[in-house]
Amino acid sequence: MSDVVTRFAPSPTGHLHLGGARTALFNWLLARHYGGRFCLRIEDTDTLRSKQEYTTSILASMRWLGLDWDGDVLYQSDRTELYSSYVDQLLASGHAYYCSCTPEEVEAMRAKARAEGRKPRYDGHCRDRHLGPGKGHCVRLRLPDTGRIVFDDMVKGPIATDVQELDDMVIRRADGMPTYNMAVVVDDHTMGLTHIIRGDDHVPNTPKQIVLYQALGLPIPRFGHVPMILGKDKQKLSKRHGAKAVIEYEKDGLLPEALVNYLARLGWSHGDQEIFTLDELIKDFDGSNLNPSAACFDDVKFSWLNAHYLRALPLDQLGQRVAPFVASEGLLVPTGERMDALCVMFRERAQDLKGLAHCFRPLLVEASALDYVEKDAKKHFTPAGAQHLRALSQCFAALTPFTKEAIDEQLNSYVAQNGLKFKEVAPPVRTALMGFMGGSHLHEIMAFLGKEETLARFAKAIAACDQER
RNA sequence: GUCACCAUCGUCUAUCCGGUUAGGACAGCGGCCUCUCAAGCCGCCAAGACGAGUUCAAAUCUCGUUGGUGACGCCA
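Numbering of the first sequence is given in our numbering, commencing with residue 22 and proceeding in unit increments.
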């Protein structure tokens with residue numbers, strides 16, 4: 022197993038989505054586990070639907086996830102001649118033949134077969150007509166008349182197909198372009214692939230490709246078909262059911278390490294372990310323990326993983342990553358110790374970067390712009406609350422230095438000297454500072470705001486208390 | 001229509017080749033902690049689709065049923 026070569030081969034007809042990302046991840050992990058190569062190939066032979074911007078987007082998402090590839094990206098559109106030479110080889114060896122049947126004629130055959138309850142397939146009309154190249158002639162593969170094609174799937178185990186189920190498939194279109202299965206086989210072989218992990222929807226393609234490998238006399242790689250990812254309620258993941266592109270998760274402030282971890286655990290397991298570092302995944306992912314049944318993507322559990330990684334991130338990195346989201350909240354981005362302080366105060370209270378940035382808001386706006394949550398203001402801006410705020414306002418005005426420790430001490434001594442409970446004093450103070458009953462420890466909040474801003478918020482709250490009366 | 005794949009708590013899964021009070025995680029519920037909200041810790045709830053067969057013993061092996069999904073292109 023020393024020369025493992027895997028690949029990810031998306032077609033650039035859309036952004037990288039969850040299923041594709043997981044397929045890419047599994048291939049990447051397998052290659053990294055065995056110290057092999059992971060290649061990237063863009064299947065852009067469908068010129069109508071393929072777009073350069075999607076290729077760019079897919080590559081960007083791969084980088085965001087940290088899935089690096091070896092060597093240059095291969096584009097199928099550059100390799101038409103190569104595919105054609107393999108088709109010619111098949112023609113020369115008698116494994117393929119020209120066919121003059123029109124698509125309409127073939128469609129009629131299929132319709133007839135379907136109507137008679139048989140499998141719709143090409144009936145081999147041109148098989149022995151010994152046609153040569155000509156206008157409108159495609160090339161078909163000559164299948165063996167009988168036999169079974171068997172392969173041992175890494176995920177599903179042995180899968181057998183009777184050749185009777187198959188067709189003399191087209192391998193080169195009338196316009197000279199190769200068909201999908203032809204191009205894939207040529208590419209997978211010339212790229213030296215040893216293991217192919219792909220979506221479950223390719224299971225029916227596999228025997229077709231194996232027949233091609235056999236006709237060409239090429240070694241057959243190992244296949245692994247992972248089931249598709251379902252959305253909530255076992256529904257197929259579609260736009261309606263929250264199918265999101267990787268790029269959207271990035272925009273929403275979710276962490277790539279969380280997505281990698283979550284995706285890895287969807288359809289693969291390593292005992293009871295839930296949290297994996299990238300190195301652990303590489304160490305443990307050897308192509309076994311792949312689950313053959315389809316799995317639902319659970320946003321809630323994914324969210325939990327995000328929160329976990331958010332808390333685990335080193336402070337400087339967290340600050341760096343949240344900064345763009347703070348900016349898009351329309352807030353001035355703090356730097357240095359101020360950013361660190363905010364992260365420490367709120368990272369346990371957010372699930373993702375966007376949410377974290379949002380938590381910063383009350384502390385980054387000016388007192389005048391602070392909004393009170395009505396319910397909390399009504400409840401805590403009482404006459405007694407106003408009294409505490411007035412008294413504390415005086416205490417804090419005189420407090421130097423205005424540090425976390427000093428503030429905490431002041432708060433506690435006020436409570437003790439007046440025979441109160443912290444619980445009686447904290448709510449109005451908290452509401453005055455945050456606008457609602459949430460957030461970090463009071464002394465941390467005040468230290469962050471500084472004396473002037475703290476006093477401004479007290480003053481504003483006192484005014485609000487008077488209004489409540 | 002034909003063929004194929006799949007089937008353990010609500011969800012992700014463990015239980016490698018038959019013997020477990022069917023384990024863990026997320027969610028939910030309860031508690032502890034506590035100035036709030038979180039986080040953290042502790043506890044509770046919760047599953048082998050159905051029916052046969054093989055066997056001393058089946059979630060595990062076999063067959064069938066049901067349900068779900070995929071595929072049947074000169075798309076990829």
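Backbone N, C-alpha and C define an ideal beta-carbon position, used for all residues, glycine too.
Keep in mind it's a predicted model, so treat the numbers as computed, not measured.
What do you get for residue i, buried or exposed, if any count of 16 or more other CB atoms within 10 angstroms of its CB means buried?
i, result
"K399", "exposed"
"P404", "exposed"
"P335", "exposed"
"M22", "Because M22 carries a pLDDT of 46, less than 50, the predicted location of this residue cannot be relied on, and no value is offered for it."
"A378", "buried"
"Q438", "exposed"
"G138", "exposed"
"C486", "buried"
"T298", "exposed"
"I296", "exposed"
"A484", "exposed"
Below 8 Å between beta carbons: does that hold for residue i and residue j?
i, j, result
"F479", "S414", "yes"
"R169", "D183", "yes"
"D24", "G57", "yes"
"K375", "F346", "yes"
"L385", "L352", "yes"
"D208", "P242", "no"
"T475", "D397", "no"
"V247", "G213", "no"
"D373", "D273", "yes"
"P179", "V191", "no"
"C159", "R194", "yes"
"G220", "M249", "yes"
Report the rounded CA-to-CA distance for residue i versus residue j, giving the unit in angstroms.
i, j, result
"P422", "S290", "54 Å"
"F59", "R84", "14 Å"
"D319", "I217", "27 Å"
"S98", "E64", "8 Å"
"K472", "S309", "60 Å"
"V321", "Q256", "16 Å"
"G357", "A348", "16 Å"
"S389", "G35", "46 Å"
"G456", "F443", "19 Å"
"R286", "R359", "37 Å"
"V354", "Y75", "32 Å"
"D300", "K481", "52 Å"
On the DSSP letters alone, give me the boundaries of the alpha helix (DSSP H) that residue i sits inside.
i, result
"C364", "357-367"
"P404", "404-418"
"V108", "101-113"
"Y75", "73-86"
Starting from residue i, trace the beta strand (DSSP E) both ways and give me its first and last residue.
i, result
"L61", "58-63"
"C120", "117-120"
"R148", "Careful: R148 lies outside any beta strand (DSSP E) and carries neither H nor E."
*Counting pairs of Cβ atoms below 8 Å between the segment 136-144 and the segment 162-180, do you hit three or more?*
Not touching, per the Cβ criterion.
_Under 8 Å, with one C-beta from each stretch per pair, do the segment 150-159 and the segment 86-104 reach the 3-pair mark?_
Fewer than three pairs of CB atoms, one per stretch, sit closer than 8 Å, so the segment 150-159 makes no contact with the segment 86-104.
_Check whether the segment 59-75 and the segment 88-98 are in contact - that is, three or more C-beta pairs closer than 8 Å._
Enough Cβ pairs lie closer than 8 Å, so yes.
*Tell me, please, whether the segment 60-79 touches the segment 30-49 by the rule of three or more beta-carbon pairs shorter than 8 Å.*
Touching, per the Cβ criterion.
*Tell me, please, whether the segment 451-469 touches the segment 363-372 by the rule of three or more beta-carbon pairs shorter than 8 Å.*
Yes: at least three Cβ pairs fall under 8 Å.
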